[in-house]
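S.K.: Take any residue in the sequence shown, count from 1 to its spot, add 48: that is its number in the working numbering.
Idealized CB from N, CA, C, for every residue including glycine.
All values reported here derive from a predicted model rather than from experimental measurement.
Dropping a structure here in structure tokens format, bear with me for questions.
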Amino acid sequence: MAGVNKVILVGHLGRDPELRYAQSGTAIANATLATTERRKDRDGNWGDHTEWHRLVFFGKTAETLARFCKKGKQLYVEGSLQTRDWEDKESGQKRYMTEVRVNQMVMLGRAGEGGGGDWGGSQEGGAEDYDQDRPQSRGKERANAAGAAAGGAADDAGGAYSDDEDDLPF
């Protein structure tokens, strides 16, 4: 049986993302994300506990992050844990770093909250999805959903819509 390596986080960027390009031309962005949860201490008092996570983004997701997200921006990210190792040039010791390799990101909050200008999302909806594994436009999906919600058929996805109570399956 295969293992599962999946991370889901919702938090705020701890600093502005750092964007660079690999020799191959692939965009790579590094960022830190703070997640905070409330929990009771030994005395029964509630307090906040903040955990910091290192994130790495690739491709269009990295470029989108660097362009539209600044320190304080709230994000939803999905990815997997990866541990890198290298030898420290000064001490000769082997070093390790565990980080989240992000494959999907959703910007939360309003466009002006911790963001860098107009990021193209709905001012009232508050989230725009950027997924490096699915580079196609999501506009058609949204138009289909909007058409279905308005009472019409969406792209021949099942014929005509009827709101006759006699046609309900229950």
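Buried or exposed: which applies to SER139, given that a residue is buried once 16 or more other Cβ atoms fall within 10 Å of its Cβ?
M.R.: As a working note, residue 139 is residue 91 in the sequence shown. Flag for SER139 reads exposed.
S.K.: PHE116 and ALA77 - do their beta-carbons sit closer together than 8 Å?
M.R.: Here residue 77 corresponds to residue number 29 of the sequence shown, with the count starting at 1. Here residue 116 corresponds to residue number 68 of the sequence shown, with the count starting at 1. No, Cβ-Cβ distance for ALA77 and PHE116 is not below 8 Å.
S.K.: Report the three-state DSSP secondary structure of THR112 (helix, strand or coil).
M.R.: Locating residue 112 in the sequence shown gives position 64, counting from the first residue. Of the three classes helix, strand and coil, the one that applies to THR112 here is helix, per DSSP.
S.K.: In the structure shown, what three-state DSSP assignment does GLY107 receive?
M.R.: Numbered from 1 along the sequence shown, position 59 holds the residue referred to as residue 107. Three-state DSSP puts GLY107 in a helix.
S.K.: Can you check the region 61-92 for any beta strand (DSSP E) of at least 3 residues that lies completely inside it and give the ranges in chain order?
M.R.: If we require 3 residues or more, the beta strand (DSSP E) runs fully inside the region 61-92 come out as 66-69 and 75-88.
S.K.: Starting from the C-beta of GLY187, find all residues in its chain whose C-beta is less than 7 Å away, skip the five residues before and the five after it, and write them out in chain order.
M.R.: Here residue 187 refers to the residue found at position 139 when the sequence shown is read from its first residue. Unreliable placement is indicated for GLY187, whose pLDDT of 44 sits below 50; the coordinate value is still reported in the next sentence. Excluding residues within five positions, none has a Cβ falling inside 7 Å.
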